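J.: Residues in the sequence shown are numbered consecutively from 24, following the numbering used here.
C-beta: ideal position from N, C-alpha, C; glycine also.
In this text the structure is predicted, and so the values were computed from the model without any measurement.
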Amino acid sequence: MLIRTWFLNEMSQNDKTFSMILLSIFCITALVVLPYIVHDSSFALQVISGDQIAIREPVQDEVMIFGETVSIDAPVKGAMVFANNIYVNAFIDGDLLAAARLVEINSNVTGKIVAAASDVELFGKTTNAIVAANSIHFANTSSITNDAYVAGATIKQDGIISGQLKAMTDNFVNNGTVGDLQVIKQESNLQDAKGWLDLFNFLLAIGLGILGIILVKLFPNQFDAVRSSMKKSVIKNTVVGFLLIILSVIVIVLSAVTVVGIPVSVFGLMILLVGLMLSSLVVSFIIGKKILELLGQKSSRAIHNISSFIIGFVILNLLYIIPVPYVGPIVQVIVISAGFGSIYYAIRKSRSPAFEQNVNT
Numbered sequence: 024m025l026i027r028t029w030f031l032n033e034m035s036q037n038d039k040t041f042s043m044i045l046l047s048i049f050c051i052t053a054l055v056v057l058p059y060i061v062h063d064s065s066f067a068l069q070v071i072s073g074d075q076i077a078i079r080e081p082v083q084d085e086v087m088i089f090g091e092t093v094s095i096d097a098p099v100k101g102a103m104v105f106a107n108n109i110y111v112n113a114f115i116d117g118d119l120l121a122a123a124r125l126v127e128i129n130s131n132v133t134g135k136i137v138a139a140a141s142d143v144e145l146f147g148k149t150t151n152a153i154v155a156a157n158s159i160h161f162a163n164t165s166s167i168t169n170d171a172y173v174a175g176a177t178i179k180q181d182g183i184i185s186g187q188l189k190a191m192t193d194n195f196v197n198n199g200t201v202g203d204l205q206v207i208k209q210e211s212n213l214q215d216a217k218g219w220l221d222l223f224n225f226l227l228a229i230g231l232g233i234l235g236i237i238l239v240k241l242f243p244n245q246f247d248a249v250r251s252s253m254k255k256s257v258i259k260n261t262v263v264g265f266l267l268i269i270l271s272v273i274v275i276v277l278s279a280v281t282v283v284g285i286p287v288s289v290f291g292l293m294i295l296l297v298g299l300m301l302s303s304l305v306v307s308f309i310i311g312k313k314i315l316e317l318l319g320q321k322s323s324r325a326i327h328n329i330s331s332f333i334i335g336f337v338i339l340n341l342l343y344i345i346p347v348p349y350v351g352p353i354v355q356v357i358v359i360s361a362g363f364g365s366i367y368y369a370i371r372k373s374r375s376p377a378f379e380q381n382v383n384t
């Protein structure tokens, strides 16, 4: 991933870059966790979803927004926004996390801006910025008091960056003021292709995170059923899940040998891919639930389940990018196998006669 490649490179060369990225991830996680640790009515998280969303009244809480087009036209304490188009036209007294096609920030953000999009435009002021996009523009009215870390195909800097600007791009224009400028150019077409592939993986991870939040919201009982299944034996579920994945691949390959079996193999491949995807999501939910339970937070509320998933999802993705050979892939295999096996046992239990009898009664 463009960000991941840069992340691993900079972590070995510059501890400050590594600290900034970890701090941003920590802030995103803390934004979700703190409402359950600090029992204060003045601290809350509001979840808003819809098609066309416009915040026209001040909100004294952090907001998490899902929509097609989102306009923040009144002050908020902090925002996590996932949409196609995002327009920030009012003051944000905190951090802004944005994932979209277009992110346009026309006002000031007191905290950090973390954005992944096709196009990002900053017209206001902020403290730090971490941005990955195809096109990035810091307008002449923009100001970043500390550092900015950006990666994109085209980057135009017309504003003021008091600290350090690190830009990973082959097309950089600087008409503004930068305290310390470092432009990292890609050295070959292979590196360029790898960068875009990594950027795709980064955006895919964001997409999976959004999908996981939606599924946890819609199917909380099913996630809890898989969680109960994993509680019985993590090792057993992991081994069984790994063997089932291998067996499924063998069956799919053998089915594809004959013309008659091709439709069966295609259908089986689709089912397997869905199962692998869900495996990682349910394990994220289970890990997050366990962490909140250790913190003394037990609840079946929708927002609690969503928080659990986000915490686990962030932790797993951090484990996946540990810069130690083979650690990331091994963790992924274990996570997917454990989730796959737990889903299998949960489905088998739901189809057992005792379960069906309880449902009928």
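(1) What's the gap between the Cα of Arg250 and the Cα of Ile357?
(2) Let me know if Ser4 comes out buried or exposed under the rule of 16 or more other beta-carbons within 10 Å of its beta-carbon.
(3) Based on the DSSP output, what are the partners of Ile334 in its beta bridges?
(4) Going by DSSP in three states, Ile344 sits in which element: helix, strand or coil?
(5) What residue ranges within the segment 169 to 242 form continuous beta strand (DSSP E) runs of no fewer than 3 residues, ordered along the chain?
(6) Mark Asn260 as exposed unless 16 or more other C-beta atoms lie within 10 angstroms of its C-beta, in which case mark it buried.
(7) May I ask which residues mark the beginning and end of the beta strand (DSSP E) holding Leu68?
(8) Starting from Lys372, trace the alpha helix (DSSP H) in both directions and tell me its first and last residue.
(9) Considering Cα atoms alone, identify which of Val173, Ser252 and Gln320 is closest to Lys208.
(10) With H, G and I counted as helix, E and B as strand and the rest as coil, what does DSSP make of Gly117?
(11) Quick check on this structure: which residue in Ser302, Val297 and Ile333 has the alpha carbon closest to the alpha carbon of Lys313?
(12) Touching or not, the segment 342 to 356 and the segment 287 to 300, by the rule of three or more beta carbon pairs under 8 Å?
(13) So the alpha helix (DSSP H) Glu316 belongs to, where does it begin and stop?
(14) Between the segment 200 to 207 and the segment 127 to 145, do three or more beta carbon pairs fall short of 8 Å?
(15) What is the rounded straight-line gap between the Cα of Gly284 and the Cα of Ile269?
(16) What number of angstroms, rounded off, separates the C-alpha of Ala11 from the C-alpha of Ile159?
(17) How do the segment 71 to 78 and the segment 93 to 111 stand: do at least 3 beta-carbon pairs fall below 8 Å, yes or no?
(18) What does the alpha-carbon distance come out to for the pair Gln355 and Tyr343?
(19) Distance, Cα to Cα, Ile345 vs Leu339?
T.: Per the coordinate set shown:
(1) 16 Å
(2) With the chain represented from 24 up to 384, any question about residue 4 goes unanswered, as that position is not in the structure.
(3) None; Ile334 has no bridge partner.
(4) coil
(5) 171 to 174, 177 to 180, 183 to 191, 195 to 197 and 200 to 207
(6) buried
(7) Leu68 to Ser72
(8) Val350 to Ser373
(9) Val173
(10) coil
(11) Ile333
(12) no
(13) Ile285 to Leu317
(14) no
(15) 19 Å
(16) Residue 11 lies beyond the stretch modelled for the chain, which goes from 24 to 384, so this question has no answer here.
(17) yes
(18) 7 Å
(19) 10 Å
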